[in-house]
Amino acid sequence: METEESILKRQIVRSMKILHRRGLMTGVGGNASVRMEGSGEVWITPSGVYKPELKPSDLVKIDLDGRVIEGILKPSMEWHFHTAIYRRRADINAVLHTHSPFSTGLALADVKLRPITLEAATMLADVPILPFRYPGTEELGRQVGEAILGRRALILQNHGVIAVGFDMIEALSTIEILEEVSIMTFIASQYGEIQEIPPDQIELIKKLYRI
Ligand SMILES: [Zn+2]
19 METEESILKR QIVRSMKILH RRGLMTGVGG NASVRMEGSG EVWITPSGVY
69 KPELKPSDLV KIDLDGRVIE GILKPSMEWH FHTAIYRRRA DINAVLHTHS
119 PFSTGLALAD VKLRPITLEA ATMLADVPIL PFRYPGTEEL GRQVGEAILG
169 RRALILQNHG VIAVGFDMIE ALSTIEILEE VSIMTFIASQ YGEIQEIPPD
219 QIELIKKLYR I
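The sequence shown maps to residues 19 to 229 in this note's numbering.
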C-alpha cells in the first residue's frame, strides 16, 4: 500500500505539472511544498530541476530550519518562506509559489482585486501586494511569514504569487482562482468601469460563509 508520504510527494509532482501546463509558471520559476500534518517535516521541490520533468525521488525533505533530512538534491532556494509559513500557520500543510502572469502583472501596476465573483469576494477578499524583496532571502521569508497570517494568498511585487492551503488541492485551487479573477479584471478594465457584486449581496455572502 502507498504510504501517506508517497501520496504527498506525488501531489507535489502533479501540482508542478498542472501549473506549468496552465502557463502559470516556467519550468524553473515555481516551487511547492507539503508538510506532514502536525509535524516539522516538509517535502519541497529541489532547485535547478525543470519542473515538468520532476520525479518524486527528486524531492527533498527538510526541517523548519531548512536542514536536509532526506534527498540528494538542493532544496528550493525559497525554502525560507515555505518554512516561515509552516511555523506561523499550524492549519497549513501545502504551499505553492508561481509566477502567474496576470496576477503578478496586475500587481505591477498596483491593481487590487475587487469582489467581482463569489470567489473573489470570499477567498480572495484580502490579497496584499508585498513590496519587492530579493528572492531566496531570509528577509523575504520574514515578510511572507508576517503577511500570511489570516490569509490564503499573497502577491510578491515584481516576482509572483504564493498560495497556501490545508492541503495541496486547496492551495492549487487558490492559485487558479487568483489567476482567473485577475484575467477577468484585466479584460473588464479594457472596456470600462468594473462592476462589483453589490455591497448588500456581499454582506449576505459573508454571513453565508461566516467571514
Ligand atoms: Zn519565484
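Note that CB positions come from ideal geometry on N, CA and C, so glycine has one too.
| Asked | Found |
| --- | --- |
| Pick out whichever of E23, L42 and A139 has its Cα sitting closest to the Cα of R228. | A139 |
| When a residue counts only if its C-beta is closer than 6 Å to some heavy atom of ligand 1, which residues count, in chain order? | G47, H115, H117, P153, H177 and G178 |
| Out of I201, Q29, Q161 and E197, which has the shortest C-alpha to C-alpha gap to E96? | Q161 |
| Can you tell me where the beta strand (DSSP E) with E88 in it begins and where it stops? | V86 to E88 |
| Relative to the C-alpha of Q29, which residue among N111, L222, T203 and I195 is closest? | N111 |
| Going along the chain, which unbroken runs of the beta strand (DSSP E) with 3 or more residues stay wholly within the segment 49–87? | 49–53, 59–62 and 78–81 |
| Beta-carbon within less than 8 Å of H246's beta-carbon, same chain only, minus the 5 sequence neighbours each way: which residues are those? | The chain is shown only over 19 to 229; residue 246 falls outside these bounds and no answer can be derived. |
| Return helix, strand or coil for G178, following the three-state DSSP convention. | strand |
| For V31 and D218, what's the separation of their Cα atoms in angstroms? | 42 Å |
| Buried or exposed: where does M19 fall if 16 or more other Cβ atoms within 10 Å of its Cβ makes it buried? | exposed |
| Determine the burial state of F230: buried for a count of at least 16 other Cβ atoms within 10 Å of its Cβ, exposed for fewer. | It is not possible to answer for residue 230, since the shown part of the chain is limited to 19 through 229. |
| So, are the CB atoms of S33 and L148 less than 8 Å apart? | no |
| For S65, I'd like the list of residues in its chain whose CB is within less than 6 Å of its CB, leaving aside the five on either flank, ordered along the chain. | K92, S94 and M95 |
| Where do the ends of the alpha helix (DSSP H) carrying I112 lie? | Checking the sequence, you will find Ala at residue 112 rather than Ile. Element bounds for A112: not the alpha helix (DSSP H) but the beta strand (DSSP E), A112 to T116. |
| Would E18 and H98 be called neighbours here (beta carbons separated by less than 8 Å)? | The question about residue 18 has no answer here: the residues shown for the chain are numbered 19 through 229. |
| What span of residues does the alpha helix (DSSP H) with Y227 cover, start to end? | P217 to Y227 |
| In this structure, what does DSSP give as the bridge partners for I147? | I173 |
| So, is E197 buried or exposed, given that buried needs 16 or more other C-beta atoms within 10 angstroms? | buried |
| Is the Cβ-Cβ distance between G106 and I36 less than 8 Å? | The amino acid occupying residue 106 in the given sequence is Arg; Gly does not appear at that position. Not closer than 8 Å, so no. |
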